[in-house]
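Undergrad:
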Amino acid sequence: MGCRHRIPLLVAILAIATPALSWREYRIRRSIDLSATNPLIPDAKLPTDLVPLNYSLRIELNAAQLAFHGAVNITMTCAKRTNQINLHAHHDLQVDEVNLEVVQHNVGGVEGASAIVKIRRVDRVPKKPMLVVYFHDDFAAGGLYEARIHFKGQIWENTEGLFQGKYKNSEGEYMQEHSYFATYFRPHLARRVFPCFDEPAYKVPFQVTIVRPKGYHTLFNTPLERTEAVDDHFEADHFKVTPAMSTFALGFVVSELSEVTYTATEGDSQVKPVLRIWARKDVHDQLKDVKRRVRVVLEHLNRYWNEEYPLEKLDIVALPNFASVKPADNWGLILFKENELQQGYYGITQELVYQWLGSWITPHWWSDAHVNKAVAGFLSASTAIAIDNGVEFEGKWPMTILYSIYYEFSKRYPHSRITGMKQETTCSKTELVLRMLNYTLGAETFRKGLQKFIEHREYKTFVSNDIWEALTKQAHLDNRLCETATVNEIAESWITKDRIPMVSVVRSYEKRTATVTQRLYLRERPHDVPEQDKMLWWIPLVVVRQDGLNFTNTSATKWMKKVREVTLENLPDANNFIIVNPEEIGPFPVNYDQQNWNLLADYLQTEQGRSKIPVYTRAKLLHDAWNLAYAGDLSFATAFNMTLFIQYERNHLVWNPVFTLIDHIGRHIDMSAVHKKFEIYVRTLLTPLYEELVENQRDDEERWKGNLRSLAKSFLCKAGYKPCIEEAQKIFRKWMDSTEPDMGNPVANQYICPVFKWGTQEEWEFGLQRVINFPESRVKSERTYLLKTLAGCPIQAAKINRLLNLTILEDNGNFTDNDISLIFKMLSGGSNGYMALFKFLQQNWDVIKARLKDRESLWDNLINSATGLFTTQEGYDLVSQLYIQRQGDFGTAEHIVEKSLKNIKEETKWSDENLPVIEKWLDNFLSRNKLSEEKFMG
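In case it helps, mature numbering (1 follows the signal peptide of the UniProt record, and there is no 0) puts the sequence shown at residues -22 to -1, 1 to 916.
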C-alpha cells in the first residue's frame, strides 16, 4: 500500500459516458444580484483557462495514525492559452510537489500520442487554499492535459473533509467501541482531501478507489464494482464511474455499520433505486420504518418532477455521534444523525430533493445556492404535508418562519449584521416567495414550471434566473400572468431587499372601491431607514369578501407592479368586510381603515365567523393588528378589539402569536401603572383556555395540546395566577427540605421562575445558595439556568440588590465576569430589573467604577443594561440626569449612554401616544367584565 501507487489513466473518452459541461458553459452567467451570496465562503474563483473532464482518485486510509494518502489524476481541456494550472488545495493538505507530473495527450493531433510537460515551479498561494503549477511553455487552446498528483493529510474529529467518528454497540454482554471514517465536502471541503477544481459548476465523472482496513466496508456515491486484497490488512474497493457531478457531492463512509433489514413486499427488488438503510445494530429496530418512508417520498418526488430518481442506488446512513448541523447530502449517499431518521417525512424529503436539485442539477455558484435551498425547503414542506396531512408540522409551516421574518426584517438593522443569520432569513424569505407564487400562479402551473426548469438540464448547472424564467414561460402559457410581467421581476423585488412591505387598504364605502398603498414595514423606532421611499415590491392582491366568502381562489385580483398605489374596484357594501392577503399568501402585513377592522372584529366574535374564516387567516388578522399597533400604524384600541374573539378560540396556531405579542407589549409597558391592568387582561384571556386544557388532558393527546397548555401556564404564572404560584412553591419546598440540595435539582424549570418572582425572600435566597455552592460534578447548564432565573424573574428590588451587592460590591469569587454579564442581560428583560440596576449604579458609582476599571466589556454591558431599556419620560429624565451628572466619566460607554438617550426619546413618544389608549381600553374591558386585582389574586 505504497504512496507511489500509479493510477491508470482515465482518458477523456470517459467523459462521454455521462454528459459534462463544455468549457463555454463555464462563462460567467448573469443572475439576480442577491444579497444572499454566500460571504461565509471567502473563495477566490479559479481561472477558466482549464476545465476538468474527469478525475481518477485513490485514497488510502491509515486508521492507526488518523491519516490518509492517495493520488489523483485530473484530465483537463485547455479553454484558452495559459502557462499554469490552478487548483484548490487546503493548507492542511500536503502535496508531493517533487513528484507532481503533467502529461499532454494527443500531441500533434495524433491519437494516443503523449508527452511529459516540463514544470517550471509549484507554488502554494499564501492565505488562499490554492495550488498553482507553472510551466515553461503555454498550453495550447483545445489541448488535452492530465495532472498526476500525490497527496496526504489528516483525518479530523470535526465533521470537515475526511473525519473519524466513534460509537458503542452492544455485543453480547458488553459494549464494544467502533470507529468509522466519513466525508463531509459541502460546500467547499473536498479540497481538504485532494487537489481539485472545488467549485459547484465543474461537474465531471469520478473514478474512485478507497483502500480501507479489512473488516470494514465502504459506501460511495456509486455501487461497488469489485474489491481486491492489497495486503494482509487492507483491501481496495473499486467503484463504478460516477455521473458528472460537483466535488461537494462526492462522498464515502468506511464503517462496520450493517444494513437494516425489513419485511420486503412483492416486487420490491425490482423497484429503483436500490435502497439500503445502514446503522449500528442497537438502533435497527427504531429504523425499520425508514425504508418505507423514503420510498413514499421518492414516489411523490418522481411524480412531482416527472423525472425518476437519477441514480441506480441510494444508501441512507444513520451515522452515530454525527456532530454536523445538517446531513451530508452526497449524491446517492446521505448521512443523517440517528435521531433525524426517526422523525417524520420533512427531513428525509429535504435531503431527497437535493438529490435532484443540488446534485443532479447544481447551482452554478454559491450565490444561487440559497434559491436551491429555498426550493428544497418549499417542496419538502409541501411534500411532507401532502403525505401526512401536516401532522408532522402541526400546521405550523410556514407560520413559524413567516413570523420570524416579520420581526427580523422590520428592525432598523436586520440580522444585527450577522452574516449567517442574514443567509438563513433570506433563504426563508425566498421560500415564502415560492409559496406565494405557488398560490398566485396556481399549483399546477408552478409544478409544470419547475418541471420545465429541470427538463434537459441533467448533470448541468443553473442560476436562479433559470428557475424564474421557466416559471414565467409556464405562467404565460397558462394565462396565469400577463405577458408584460415576469416572475424574474416579481422575485427580484422581494429577494434583493432585506425588508418586507406593509400594505394599507382604505375603503371608499360609497364608491365601493379601496385605495391600496405599499410602503416599508418597520416595527422598531425611529422609522428612519435610508431610502425607504424608493423601496417598492411586486405585490399580489388576493381579496376575499364577506358577501361571497371563498378562500380557495388564490389568484391575484390585481398586482401592485412596483407602484406606490392602486385602486380596487367592485367591492362589497359598507356592511361587509374584505380581507386582503388571506392565509398569508404573500409575506406582508395588511392594514385597513377603522370600519373594516371593526367589521372583522365583530364577525370573529360570532361562532359562524370563526368557523368560516380559516385558521391561518384568523391568526394573520390578529398578528397583523397587534404588530401594526406596536409599530404605530394602528390604534391599540383596534388591536385589542381584535383579541376579543380569542377567548373562544382553541386552535393553537391562532394562539401561538398571541404569546409573543403579550410578551412584547408586556415588556414595553411594564414600567407603567397600566401593566397591572394588562396582567389582569392576560389572566382573563388565558385562564379559561388553560383550565380547559388541564381538565381534558389525556396521555394520548396531540403534542400541540401539551405545548399550548405549557405556554398558557407559563404566561399565567408570569401574570400572577395564584394556583400556579402555589403549585410552584409546593414543589419548590421539596427541594428546600431535601437533605442534600446541592446534589441535584428535583424541580422542573417551569416552576422556578414563578417562585423567584412571586415567592418569598427565603425561597430566592435558597436558590442563590445553590448557585454559590454548585458542585463541579454537575452539568454547568443547570447552574446557568438557575442564575438566569435568579436575576431575570424577581420583581422585588431587595432580591436584585442582594445579587448585585454580592457579585459586584463584594466581588464574590463564585461569580465570573461571564456570570455578571449574564446577570446584567437578564435584568434588562423587565423594568423591575433595569430600574434596580440603574439605581444600584447611581448609588454606587464610584465603587463600581473602581471595581470594573480594567473590565471594559463588563462596564459597557452594565451601562447598556442599566440605561438602554427605559420607555417613558420618567426613565428619560433619570438617564439624562445621570448623563449630565457623570458626563465625561462614562469612559468606553460614553457612546452607549448617548445612544440610550436617543432610543428612550423615541420610546417615550410611543408611550405618550399609546399608553393612554391602552389604559382606556383596559379600563373599559375590566369594567364590562367586572374584574379587579383582588379577584385574581384572591
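In this text, a Cβ means the ideal position worked out from N, Cα and C, and glycines have one as well.
1) Give the DSSP-derived three-state secondary structure of ASP525 in the structure shown.
2) Could you name the residues of the same chain whose beta carbon sits closer than 7 Å to that of LYS475, not counting the 5 residues immediately before and after it, in chain order?
3) If I'm right that residue 930 touches ASP70 with Cβ under 8 Å, what's the distance once you round it to whole angstroms?
4) Helix, strand or coil for TYR240, going by three-state DSSP, please let me know.
5) SER224 to ARG98, Cα distance in whole Å?
6) So, are the CB atoms of GLU124 and VAL81 less than 8 Å apart?
7) Nearest-angstrom Cα distance between PRO30 and MET54?
8) CB-CB under 6 Å to GLY846, same chain, minus the five flanking residues each way: which ones, in chain order?
9) What is the DSSP secondary structure of TYR668, counted as helix, strand or coil?
10) Does SER716 pass the burial test, meaning 16 or more other C-beta atoms within 10 Å, or should it be called exposed?
11) Kindly indicate the opening and closing residues of the alpha helix (DSSP H) around THR905.
12) Would you report the Cα separation of LEU18 and PRO165, rounded to the nearest angstrom?
13) With H, G and I counted as helix, E and B as strand and the rest as coil, what does DSSP make of ASN16?
14) In angstroms with no decimal places, state the Cα-to-Cα distance between HIS83 and ASP115.
15) Spatial neighbours of LYS898 within its chain, please: C-beta separation below 6 Å, excluding the five flanking residues on both sides.
16) Under 8 Å, do LEU549 and SER388 count as touching if we go by C-beta distance?
17) Quick check: the Cα distance between LYS831 and ARG503, rounded to an integer number of angstroms?
18) Which runs of the alpha helix (DSSP H) spanning at least 4 residues fall entirely within the stretch 718 to 754, listed in chain order?
19) Using only alpha-carbon positions, find the residue among LEU311, GLU316, ILE294, ASP293 that is nearest to VAL303.
20) Give the C-beta separation of LEU313 and ALA160 to the nearest angstrom, bearing in mind that I take them to be a contact with Cβ-Cβ under 8 Å.
21) Using beta-carbon positions only, say whether PHE217 and LYS192 come within less than 8 Å of one another.
22) Quick check on DSSP: helix, strand or coil for ASP101?
23) With a 10 Å radius around its C-beta and 16 neighbouring C-beta atoms as the bar for buried, classify ILE647 as buried or exposed.
24) Report the option in LEU689, SER858, LYS883, GLU884 whose CA atom is closest to the CA atom of GLU872.
25) Along the chain, where does the beta strand (DSSP E) that runs through MET54 open and close?
26) Can you list, in chain order, the residues of its chain whose CB lies under 8 Å from that of LYS181, leaving out five sequence neighbours each side?
27) Does DSSP classify LYS291 as helix, strand or coil?
28) Among ARG542, ALA492, ARG588, whose alpha-carbon lies nearest the alpha-carbon of LEU527?
29) Label ARG390 either buried or exposed according to how many other C-beta atoms from any shown protein chain fall within 10 Å of its C-beta, with 16 as the threshold for buried.
30) Quick check on this structure: which residue in VAL208, HIS454, LEU622 has the alpha carbon closest to the alpha carbon of GLU585?
31) Any idea what DSSP makes of TYR282, helix, strand or coil?
32) Starting from SER809, trace the alpha helix (DSSP H) both ways and give me its first and last residue.
33) May I ask you to report which of helix, strand or coil DSSP gives ASP74?
34) Using DSSP's beta-bridge definition, name the partner residues of ALA214.
35) Can you give me the C-alpha to C-alpha distance between ALA306 and GLU402, rounded to a whole angstrom?
36) Assuming MET153 is part of the beta strand (DSSP E), what are its boundary residues?
TA: The short version:
1) Your numbering for residue 525 matches position 547 in the sequence shown. Here ASP525 sits in helix by DSSP.
2) Within the sequence shown, the letter at position 497 stands for residue 475. Result list for LYS475: MET513, in chain order.
3) The structure shown has nothing for residue 930, since the chain only spans -22 to 916.
4) Taking the first residue of the sequence shown as 1, we reach residue 240 at position 262. Correct three-state label for TYR240: coil.
5) By one-based count along the sequence shown, residue 224 stands at place 246. By one-based count along the sequence shown, residue 98 stands at place 120. Rounded to whole angstroms, SER224 to ARG98 spans 30 Å at the Cα level.
6) As a position in the sequence shown, residue 124 is number 146, starting the count at 1. As a position in the sequence shown, residue 81 is number 103, starting the count at 1. Yes, the pair counts as a contact, with Cβ atoms nearer than the cut-off.
7) Within the sequence shown, numbered from 1, the residue matching residue 30 stands at position 52. Within the sequence shown, numbered from 1, the residue matching residue 54 stands at position 76. For PRO30 and MET54, the distance between alpha carbons rounds to 4 Å.
8) The sequence position of residue 846 within the sequence shown is 868, counting from 1. Same-chain partners within the cutoff: SER878.
9) On the sequence shown, position 690 is the one that residue 668 refers to. Note: TYR668 maps to helix in three-state DSSP.
10) Numbered from 1 along the sequence shown, position 738 holds the residue referred to as residue 716. With fewer than 16 other beta carbons inside 10 angstroms of its own, SER716 counts as exposed.
11) Indexing the sequence shown from 1 puts residue 905 at position 927. Here residue 905 turns out to be Ser, not Thr, going by the sequence shown. In this chain, the alpha helix (DSSP H) harbouring SER905 covers 872 to 906.
12) For the purposes of this step, residue 18 is taken as the residue at position 40 of the sequence shown. For the purposes of this step, residue 165 is taken as the residue at position 187 of the sequence shown. Caution applies to LEU18, whose pLDDT of 45 falls short of 50 and renders its modelled position unreliable; the model cannot decide the point.
13) Numbered from its first residue, the sequence shown carries residue 16 at position 38. Note that ASN16 has pLDDT 44, beneath the 50 cutoff, so the model's placement of it is unreliable and the number below is only indicative. Collapsing the DSSP output to three states places ASN16 in coil.
14) Residue numbering aside, residue 83 sits at position 105 when the sequence shown is read from its first letter. Residue numbering aside, residue 115 sits at position 137 when the sequence shown is read from its first letter. Rounded to the nearest angstrom, the two C-alpha atoms are 15 Å apart.
15) As a position in the sequence shown, residue 898 is number 920, starting the count at 1. Contacts found: none.
16) Reading the sequence shown from its first residue, position 571 is the one you call residue 549. Reading the sequence shown from its first residue, position 410 is the one you call residue 388. Taking 8 Å as the Cβ cut-off, LEU549 and SER388 do not qualify as a contacting pair.
17) Here residue 831 corresponds to residue number 853 of the sequence shown, with the count starting at 1. Here residue 503 corresponds to residue number 525 of the sequence shown, with the count starting at 1. Each residue's alpha carbon lies about 33 Å from the other.
18) 727 to 736, 739 to 750, all fully within the stretch 718 to 754.
19) Residue mapping note: residue 303 aligns to position 325 of the sequence shown, counting from 1. Here the closest residue by C-alpha is GLU316.
20) Stepping through the sequence shown from its first residue, residue 313 is reached at position 335. Stepping through the sequence shown from its first residue, residue 160 is reached at position 182. Contact flag correct, Cβ pair sits at about 6 Å.
21) As a first step, residue 217 must be located in the sequence shown, where it is residue number 239. As a first step, residue 192 must be located in the sequence shown, where it is residue number 214. Not a contact, by the Cβ cut-off of 8 Å.
22) One-based indexing of the sequence shown puts residue 101 at position 123. If DSSP states are grouped into helix, strand and coil, ASP101 belongs with the strands.
23) Here residue 647 is taken as the residue at index 669 of the sequence shown, counted from 1. Buried: at least 16 other Cβ atoms inside 10 Å.
24) Translated into the one-based positions of the sequence shown, residue 872 becomes position 894. Closest option to GLU872, Cα to Cα, is SER858.
25) Locating residue 54 in the sequence shown gives position 76, where the first residue counts as 1. Looking at the DSSP string, the run of the beta strand (DSSP E) that includes MET54 is 45 to 56.
26) Walking along the sequence shown from the start, residue 181 turns up at place 203. So the list reads ALA(-3), LEU(-2), ALA222, MET223, SER224, THR340, TYR437, LYS438, THR439, once near-sequence residues are dropped.
27) Here residue 291 is taken as the residue at index 313 of the sequence shown, counted from 1. Note: LYS291 maps to strand in three-state DSSP.
28) Taking the sequence shown and counting its residues from 1, the one referred to as residue 527 is at position 549. Residue ARG588 is the option with its Cα nearest to LEU527.
29) Working through the sequence shown from its first residue, we reach residue 390 at position 412. With fewer than 16 other Cβ atoms within 10 Å, it is exposed.
30) On the sequence shown, residue 585 is found 607 positions in, with the first residue counted as 1. Considering only alpha carbons, the answer is LEU622.
31) Locating residue 282 in the sequence shown gives position 304, where the first residue counts as 1. Helix, per DSSP.
32) Counting from 1 along the sequence shown, the entry for residue 809 is found at position 831. Unbroken alpha helix (DSSP H) run through SER809: 809 to 821.
33) Position 96 of the sequence shown, counted from the first residue, corresponds to residue 74. ASP74 falls in the coil class under three-state DSSP.
34) The residue you call residue 214 lines up with position 236 of the sequence shown. In DSSP, ALA214 forms a bridge with VAL189, GLU206.
35) Position 328 of the sequence shown, counting from 1, holds the residue named residue 306. Position 424 of the sequence shown, counting from 1, holds the residue named residue 402. Taking the straight line from one Cα to the other gives about 18 Å.
36) Counting from 1 along the sequence shown, the entry for residue 153 is found at position 175. Per DSSP, MET153 belongs to the beta strand (DSSP E) from 152 to 162.
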